[in-house]
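Residue numbers 188 to 368, in the working numbering, belong to the letters of the sequence shown in order.
All C-beta atoms, glycine included, are put in the ideal place defined by N, C-alpha and C.
Small disclaimer: the values here were computed from a predicted structure and weren't measured.
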Amino acid sequence: MSGGINAWEGLTAEGAPESGMVYFPDSARPEELIALAWKLEEGSRKFYSAIPSIISDSETIRLFADLEVAEEHHKASLAHLYKELFPAGDEDSIESVLSSDSAEDIMEGGINVADAVKWAEGKQSRELLEFSISAEANAYDLYIKLERKLEDSRSKKIFAHLSEEEKNHLERMAALLEKKI
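Below you can see the structure in the form of structure tokens.
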């Protein structure tokens, strides 16, 4: 590309590097960070579980079913970490850490789940994959930031693992998207 970025006439990313941290304020305690990550995983699981009723493409349905199961595993990892680090906390629910004003279902990427499902209705596999790649890329970036932010070595390890899992999701979705284009 002659002229580099200065010659580029397309879209460019804007905003501070912390932009993906909107739900993860600097003042958040480690248990809140873990609970918020759990909430985003649950939101993504709900979105992925809605996909089979929206499309008929079996390959895409299988991928989203796999992603739904993966989000359950991510939630379990986060719940285990929470209980390990905060045994005096509410053992019944990692959600008990979150304030009541966070009751809205939010998925990775900071997107309202109901809005995402409504948007997805009538969309083709390609569009759903592009949307989901964006959300997973946000989660990947977010978990890298949380790994750097948290001081506890177990937390760092969990978020490093989750970022690798998100990277794997991105690779799988990108490969299927490439087939669909």
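*With distances taken Cα to Cα, identify the nearest neighbour of R374 among P239, S214, L254 and G309.*
With the chain represented from 188 up to 368, any question about residue 374 goes unanswered, as that position is not in the structure.
*Report the rounded CA-to-CA distance for G230 versus A263, giving the unit in angstroms.*
Between the alpha carbons of G230 and A263 lies a distance of about 14 Å.
_Does D292 pass the burial test, meaning 16 or more other C-beta atoms within 10 Å, or should it be called exposed?_
Per the 10 Å Cβ criterion, buried.
*Could you tell me if K305 is buried or exposed, where buried requires 16 or more neighbouring beta carbons within 10 angstroms of its beta carbon?*
Exposed, because fewer than 16 other Cβ atoms sit within 10 Å of the Cβ of K305.
_Rounded C-alpha distance that separates I298 from E258_ = Those two C-alpha atoms are separated by around 16 Å.
_Run of the alpha helix (DSSP H) containing I281, from where it starts to where it stops_ = In this chain, I281 is not harboured by any alpha helix (DSSP H), its DSSP state being neither H nor E.
*Shortest alpha-carbon distance to F273 belongs to which of D244, I221 and S243?*
When only C-alpha atoms are compared, the closest one is I221.
*Where I241 sits in the DSSP three-state scheme*: In the structure shown, I241 sits in coil (DSSP, three-state: anything other than H, G, I, E or B).
*Would you kindly check if the distance between the Cβ of Y330 and the Cβ of F318 is under 7 Å?*
No.
_Distance, E246 Cα to A362 Cα_ = Cα to Cα, A362 sits roughly 12 Å from E246.
*asked:* I need the boundaries of the alpha helix (DSSP H) containing D302, first residue and last residue.
replied: Start and end: V300 to A307.
*For S236 and chain D, any beta-carbon pair shorter than 7 Å?*
Among the protein chains of the structure shown there is no chain D, as only one such chain exists.
*Alpha carbon to alpha carbon, how far is K226 from E308? Give it in angstroms, no decimals.*
Pairing E308 with K226, the inter-Cα distance amounts to about 23 Å.
*Can you list, in chain order, the residues of its chain whose CB lies under 7 Å from that of E353, leaving out five sequence neighbours each side?*
Contacts found: E323, A326, Y327 and Y330.
*What's the C-alpha gap between K332 and F234?*
Going by the C-alpha atoms only, they are around 24 Å apart.
*What residues are listed by DSSP as bridge partners for M294?*
Partner(s): I298.
*Thinking L357 and I320 are a contact (beta carbons under 8 Å), I'd like their distance in whole angstroms, please.*
Rounded, the Cβ-Cβ distance is 6 Å, consistent with contact.
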